[in-house]
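**Q**
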Amino acid sequence: MQGKYTVRTAELPDEAAADANGKEENGGKGAPAKEDNTAAQETSSLLQTSFNYINSIIGSGVVGIAYALQQAGFGMGLILLVMFAAITDYSLCILIKAGISTGTSTYQDLVQAAFGLPGFYVLTFMQFIYPFIAMISYNVIIGDTVTKVFLRVFSVAPDSILSNRHFIVIMASMFVTLPLSLLRNISKLNKASAVSLTSLLIILAILTFVIVRIGNFVGTVPSSPDSYAFANRGITKAIGVIAFAYMCHHNSFLLFAALKDPTQRRWNKVTHISLSLSCVIIVLFGIGGYVSFHVYSQGDLFENYCKDDDLANVARLLFTLTIMLTYPIECFVTREVLDNAFFVTRFPSNLVRHIIMTLFIVLTTFAFSTLTDCLGIVLELNGVLAAIPLAYILPAATYLKLENGPLLSWAKFPALMLAVCGAAVAICGTVVAIIDINAGISCSHGADMPYCTVPAANVTV
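So for the sequence shown, our numbering puts the first residue at 629; every next one is plus one.
Written as C-alpha cells, this is what we have:
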C-alpha cells in the first residue's frame, strides 16, 4: 500500500517495465526505469480509475495523520490536509498535461525530455529513496504492532524475546517479507495478496474502528490547554507526513494510460474526484485519531491504543498483514532501480544477482529500522526527502520548462510558486529533521500510554 500501504511503485525500465506494467496500478510507492504504457492493457472507466487512484493514495501514511495534526496544531493541520489535497490535484494535472504536450508516457521520459540525463538520474535517485525509506517504515510498524499483540495474546513478559521488536522484525523478514521479496515476477505477489482490493478495504475498516472508538477515549485521555491550539511549531514536520500520505505521482502515467478515452479533461475530472474522496478519508482519520488522543498522538496511531484493547489488536494484525504484503512490492521497485542504474545495460539479468540484491536491500532496511522505533521521524524524512520533490517540485519544474510562454506569466505562476515553496519546505524540513535526530527523537517507544492505566480505556471485546 502508500507507505501508505499502497504499493507506490514507479515506472520501471525496458524489460523490467514489461513485468511490472499493469501489475502496479493498484499500489505502492515507487522507483524508476521505463514502463511500456503503449502495451495492450484493459482500459478503465472513470469510476474504475477513480478506485485505483484512491487505492494508490490511501495507505500506511494515514496512521500518521493524527500525529501531523498534533505537530501543526488542530486548526492549521486541517487546513494543511485540505490545502495539500488541492496542491496534489494541481500537480497531477500539470504532470499529465506536460506528458501529453511532449508525447511522453512515463514520468522518467518526461523529466528526461525537460532536463536531459541529469534530470533522469535525479528522478531515479528520488524514486529509489522513496520505497527504500517506506520499507524502513514498514519494519518499524511491524515491530510496533506485533510486539503488542504478542504481549496481549501470549502474555509474554516485557523482557521476553517475543516482545523484542528487533527479533520480531527479523522473524517477519525471514519467514514472510524476504521469501516474497525474492519472487522475480511481481504478478504472483499481486495475485497472492489481492493488494488492489484488500488494502483499501482494510484501511476503511480501520477508519471505522478509529471513529467508533472515539467515545472510549474522550474524557479518559487527559487534555491540556493546548490540546486544540490552532497552530503549533511543528508545521514542517506535519507537511512531511502529509506529503507522504498524498503521494501517488509514480502511478499517474499508468492510471492515465488505463483510462478509457484518455484526455486531459477526463484526467482532470478523475483526479478531482479521487483527491476529493481521498481528502475526506484522510481528514476523517486525522480527526478521529486526534480527537481521541490529541497531544498524545503518536507517529503510529496504533501506538496510542492500549495493549489489552482486543479490538485494536485485531486492527493491528490486519494492518500488519497488509504491510508485510506491501513490503515486497516496494523491494521489487527498489531492486529494479539499482539494477537499471548499475547493471541492466552492462550485464544480463541472472538469479544470483537477483538474490544478492534482494538480501542487500532487506538487510539494509532492517539495519536502518533498528536505529529508531519512532515512526513519525521516518514518515517525516520520507516526506521531505522524496515525496515533496517527487510530488511537487519535479512536476512543477518540468511543467515550467516544457510549457510555452514566459516563466513569469500568470499561467505559470501557480507552478512557479509550487516549485519554490516545495523546495523551501523540503530544505527546512530536512534541517528540522536533522536537528530533531541530533536532539533525540521522542515517542512512546512501545510503552503503554499513561491513560491505559484507567479502566475505562481498557476496552476489550
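Positions of the beta carbon are idealized from the N, C-alpha and C atoms, including for glycine.
Is it true that the stretch 992 to 1000 meets the stretch 758 to 767, where meeting means three or more beta-carbon pairs spaced less than 8 Å apart?
**A** They touch, by the three-pair rule.
**Q** Alpha carbon to alpha carbon, how far is Val898 from Leu675? Give it in angstroms, no decimals.
**A** If you take the alpha carbons of Leu675 and Val898, they lie about 8 Å apart.
**Q** Between which two residues does the alpha helix (DSSP H) holding Pro746 run?
**A** Unbroken alpha helix (DSSP H) run through Pro746: Tyr735 to Val781.
**Q** From the DSSP output, in three-state form, read off Ile839 for me.
**A** Of the three classes helix, strand and coil, the one that applies to Ile839 here is helix, per DSSP.
**Q** Answer with buried or exposed for Pro1023, where buried requires no fewer than 16 other C-beta atoms within 10 angstroms of its C-beta.
**A** Under this definition Pro1023 is a buried residue.
**Q** Of all the options Ile1055, Asn1066, Ile682 and Asn879, which has the alpha carbon lying nearest to the alpha carbon of Gly868?
**A** Residue Ile1055 is the option with its Cα nearest to Gly868.
**Q** Is it the case that the stretch 900 to 920 contacts the stretch 748 to 755, given that we only count it when at least three CB pairs across the two stretches are under 8 Å?
**A** No, the stretch 748 to 755 is not in contact with the stretch 900 to 920.
**Q** How long is the line joining the alpha carbons of Thr716 and Phe760, rounded to whole angstroms?
**A** Their Cα atoms are separated by approximately 22 Å.
**Q** Does DSSP classify Trp1038 as helix, strand or coil?
**A** If DSSP states are grouped into helix, strand and coil, Trp1038 belongs with coil.
**Q** Buried or exposed, going by whether 16 or more other CB atoms sit within 10 Å of the CB of Pro1017?
**A** It is buried - the Cβ of Pro1017 has at least 16 other Cβ atoms within 10 Å.
**Q** What distance in whole Å lies between the Cβ atoms of Leu709 and Gly914, which are believed to be in contact at a cut-off of 8 Å?
**A** Between Leu709 and Gly914 the Cβ distance is about 6 Å, and since that is below 8 Å, they are a contact.
**Q** Residue ranges of each alpha helix (DSSP H) run of no fewer than 4 residues wholly in the stretch 861 to 940, ordered along the chain?
**A** Counting only runs of 4 or more, we get 863 to 874, 880 to 886 and 892 to 921.
**Q** Of the residues Ala1075, Ser1037, Cys1080 and Thr1081, which one's Cα is nearest the Cα of Pro786?
**A** Closest option to Pro786, Cα to Cα, is Ala1075.
**Q** For Gly631, does the count of other Cβ atoms within 10 angstroms reach 16, so buried, or fall short, so exposed?
**A** Unreliable positioning characterises Gly631 in this predicted model, as indicated by a pLDDT of 44, which lies under 50. The coordinate reading is nonetheless provided below. Result: buried.
**Q** As a quick exercise: from Asp938, Phe795, Leu987 and Thr848, pick the residue whose alpha carbon is nearest that of Leu808.
**A** The shortest C-alpha separation from Leu808 is found at Leu987.
**Q** Residues in its own chain within less than 8 Å of Phe679 by CB, not counting five upstream and five downstream?
**A** Around Phe679: Leu828.
**Q** For Cys1080, which residues from the same chain have a beta carbon less than 6 Å from its beta carbon, with the 5 sequence-adjacent residues on both sides left out?
**A** Excluding sequence neighbours, Cys1080 sits near Cys934.
**Q** Only counting the same chain, and skipping five residues up and downstream in sequence, which positions put a Cβ closer than 6 Å to that of Ile863?
**A** Excluding residues within five positions, the ones whose Cβ falls inside 6 Å are Ala700.
**Q** Please report the Cβ distance between Tyr1020 and Gly1057, rounded to the nearest whole angstrom; I am assuming they are in contact, meaning their Cβ atoms lie under 8 Å.
**A** Not really, about 12 Å apart at Cβ, beyond 8 Å.
**Q** Less than 8 Å separating the beta-carbons of Ser791 and Val784?
**A** Yes, these two residues count as a Cβ contact at 8 Å.
**Q** Between which two residues does the alpha helix (DSSP H) holding Arg812 run?
**A** Arg812 -> no alpha helix (DSSP H), and no H or E assigned at all.
**Q** Measuring CA to CA, which of Val911, Pro853 and Thr732 is closest to Ala713?
**A** Nearest C-alpha to Ala713: Val911.
**Q** Any idea if Phe970 is buried or exposed, counting beta-carbon neighbours within 10 angstroms, 16 or more meaning buried?
**A** Result: exposed.
**Q** Return yes when at least one heavy atom of the ligand COA lies under 7 Å from the C-beta of Ala1024, else no.
**A** Within the structure as shown, the ligand COA is missing, as the structure has no ligands at all.
**Q** According to the neighbour-count rule (16 or more other Cβ atoms, all chains shown, within 10 Å of its Cβ), is Gly1068 buried or exposed?
**A** It counts as exposed.
**Q** Strictly under 8 Å for the Cβ-Cβ distance: is Gly927 near chain C by that measure?
**A** Protein chains in the displayed structure number just one, and chain C is not present.
**Q** Comparing C-alpha positions only, which one of Ser673, Ala1043 and Val1060 sits nearest to Cys721?
**A** Among Ser673, Ala1043 and Val1060, the Cα nearest to that of Cys721 belongs to Ala1043.
**Q** Output the distance between the C-alpha atoms of Ser1070 and Leu697, rounded to the nearest integer angstrom.
**A** Approximately 16 Å between the Cα atoms of the pair.
**Q** Do the stretch 838 to 853 and the stretch 921 to 935 touch if we need at least three Cβ pairs shorter than 8 Å?
**A** The answer is yes - the stretch 921 to 935 touches the stretch 838 to 853, with three or more Cβ pairs under 8 Å.
**Q** Where do the ends of the alpha helix (DSSP H) carrying Asn1010 lie?
**A** Looking at the DSSP string, the run of the alpha helix (DSSP H) that includes Asn1010 is Leu1003 to Asn1010.
**Q** Using only the alpha-carbon positions, how far apart do Met1077 and Gly927 sit?
**A** Cα-Cα distance, rounded: 13 Å.
**Q** How many Å lie between Ala943 and Asp937 at the Cα?
**A** Roughly 10 Å separates the two Cα atoms.
**Q** Looking at the unbroken alpha helix (DSSP H) that takes in Asp717, where does it start and where does it end?
**A** Per DSSP, Asp717 belongs to the alpha helix (DSSP H) from Phe702 to Thr730.
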